[in-house]
Each structure stands twice: as structure tokens, then as C-alpha cells.
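Enquirer: Numbering (the numbering used here), first residue to last: 2 to 55.
For every residue, glycine included, the Cβ atom is placed at its ideal position computed from N, Cα and C.
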Amino acid sequence: MCISCGCGFLHDKHNNPNNITLDDLEKAAKSAGMSVEDAARNIANAVGLACEKK
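In C-alpha cells, the structure reads:
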């Protein structure tokens, strides 16, 4: 989705390159050698949200 706004459209940046999409998260995870889930968890933890690994 456009992770920035939570609209549910996975790959739509809404004509704004500053919005974050699932594609961006997948690229970041791949470049760090980790899963998308782990990358998302790290982002959530970085902004103070507690996310536990399942």
C-alpha cells in the first residue's frame, strides 16, 4: 500500500515520489538482506511502536 497514508493501494505513490510503497519497503529489505516483515518491524520500532516477532 501507500504505506504513508494507509490507503490500501500497494504500489500507488499518488503522483508523489515522497510517499512510501510496498515496493520501496521490499527494495530496502532486499538491500539489507532481510525479510519485508523484519524491515517493517524495524521501522515500527524506530518510531516507537512495539512490534514483536511472531
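State the start and end residues of the unbroken alpha helix (DSSP H) segment that holds Ile-44.
Expert: Where Ile-44 is concerned, the enclosing alpha helix (DSSP H) stretches over 37 to 47.
Enquirer: For a quick check, are the C-beta atoms of Cys-3 and Ile-21 less than 9 angstroms apart?
Expert: Yes, the pair counts as a contact, with Cβ atoms nearer than the cut-off.
Enquirer: Hey, would you say His-12 sits closer than 9 angstroms to Leu-23, going by beta carbons?
Expert: Yes, the Cβ-Cβ distance between His-12 and Leu-23 is below 9 angstroms.
Enquirer: Tell me, please, whether the CB atom of Glu-38 is closer than 9 angstroms to any CB atom in chain B?
Expert: Although the question refers to chain B, the structure presented lacks it and comprises just one protein chain.
Enquirer: Of all the options Phe-10, Ser-5, Lys-28, which has the alpha carbon lying nearest to the alpha carbon of Asn-19?
Expert: Considering only alpha carbons, the answer is Ser-5.
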